[in-house]
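Here my numbering = 1-based position in the sequence shown + 7.
Where is the CB? At the ideal position from N, CA and C, for every residue including glycine.
All figures in this text were calculated on a predicted structure; none of them were measured in a lab.
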Amino acid sequence: MTTLPSHAWRDGLSVVSFNGRRLVGASFRGVPFFVEESDRAGGRRLVTHKFPFRNDPFVEDVGREARDFKITGYVIGDDYLTQRDRLLSALEDDDSGPGTLVHPYYGIKRAMCGPMSVRESRAEGGMATFTMAFTETPLQAPVPITVADPIGKVAASATAARAATKLELAEKFDPVGLPGFALASAETALKSATGGLASALGPVAATTQELATLNSQAKLVTAQAAALVRAPATILDSFGGAIAALVTTAIAAPGAMLAALTDAYNTVLGVPVQVLTATRVREAANLAALSGALRRVIAIEAARLAPTVPYASIEDATAARDQVAAQLEEQALGAGDTAYPALVTLRSDLLRSVPGADVFPRIITVTRRTAIPSLLLTYQLYGSVDLELDVIARNRVAARHPGFVVGDLRVLSAVG
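As structure tokens, this is what we get:
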């Protein structure tokens, strides 16, 4: 900020009116005007954190507030119309960005004009009164910090892929006019997919309440399968409800839920239709559309979950990612123009998000020529015994004896 001699800017913008009153002036972008009154706003930006069972809050200072100057000013004289138009042009300039505000009480500021208004009246002929709000701007605008959100990006792509899958099923699945026997294969596919999903997810449900909700949803879809295949717009919402029921499980055990979904993807959905008549041709087309859509829902929800898993190693992360990516690729190849772009986008976002910026240990091989207890081996490797269960499970030590670990052993490398 430029420092001027005391009151120099005020003296240069002051005039003495015909009745001896000294008028205080200002200018913006070099266009002068007189000031009736001015307010300044500022201070600090504070965030108050309140905690249960504590009387005193924690107040966090997150920076200075923007400095705002609200000015009531005016132009006056026989040529006030010309002065008014010049000031309006300066205040509403489209191309110049911030301008120089010479303030009668705060000196020279670099500022931008926000909301403003101008008032004229017959009683105050030869005068236009402005109400202006200026915000001080820095010499160098701070660059916004972009924070990567791989989980949010994959979630958004998954939601888009679900919507596209639902829309494509409505386009391809046509039950209108078909007899009941021509919808039996689709009904079987829906029941099989629902049963496979419930069987895979049931053992990993985090709470008895979620397990009960999962089973209830699966039974409901199975019981209504005959009606659902005649209303393709509702099939995927009902089927996906079984996955959506496991909210706590997705948070508490995302790895186990991801593994269950990738297993459920491979559920056999029935036998192919023998295409012998025109009715059977439509039945086969409907079965292919529904089977693909059901598998896509499972693969999409697995992709949504994959970035949230706390993988033990980078090999575990890439293996899980590649398995889901392969399922998405398989579904994209069989999809139509509606679902294909969304599936490809989701697969791309998944590949970028896992492992992403996270740092995981690698699986390495260590060799022990003589037997050593797993507890001691773990302490020698990591300086603690926290990963003993991982060593035992990764090398199937439990099938032998944890007190005698020997040979080539797969263990996690240290991180950092």
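In this structure Gly-277 is in contact with Ser-199, their Cβ atoms being roughly 6 Å apart against a cut-off of 8 Å. Ranked by how close their Cα comes to the Cα of Thr-352, the residues Lys-160, Ile-83, Glu-72, Leu-53 have Lys-160 in first place. Between the stretch 253–265 and the stretch 209–219, the count of Cβ pairs shorter than 8 Å is three or higher; the stretches touch. Going by beta carbons, Ala-189 and Glu-290 fall inside the 7 Å limit. Here Ala-300 is not near Ala-171, since their CB atoms are 7 Å or more apart. Going by DSSP, Val-254 is part of the alpha helix (DSSP H) stretching over 254–259. Note: Phe-137 is bridge-paired with Gly-80, Val-125 in the DSSP secondary-structure output.
In the DSSP assignment, Leu-335 is bridged to no other residue. DSSP, reduced to helix, strand and coil, places Leu-283 outside both helices and strands of the structure shown, so it counts as coil. Counted as a single uninterrupted DSSP element, the alpha helix (DSSP H) harbouring Arg-359 occupies residues 347–360. Contact check between the stretch 31–40 and the stretch 92–107: three or more CB pairs, one atom from each, fall below 8 Å, which counts as touching. The beta carbons of Thr-138 and Asp-75 sit no closer together than 7 Å.
Taking 7 Å as the cut-off, the Cβ atoms of Pro-314 and Ser-360 count as close. When rounded, the separation of the alpha-carbon atoms in Ala-163 and Leu-340 is 21 Å. Under DSSP, the beta-bridge partners assigned to Leu-416 are Val-373. Assigned with DSSP and collapsed to three states, Glu-395 falls in helix.
DSSP, reduced to helix, strand and coil, places Thr-142 within a strand of the structure shown.
Between the C-alpha atoms of Arg-169 and Ala-296 there is a straight-line separation of about 14 Å.
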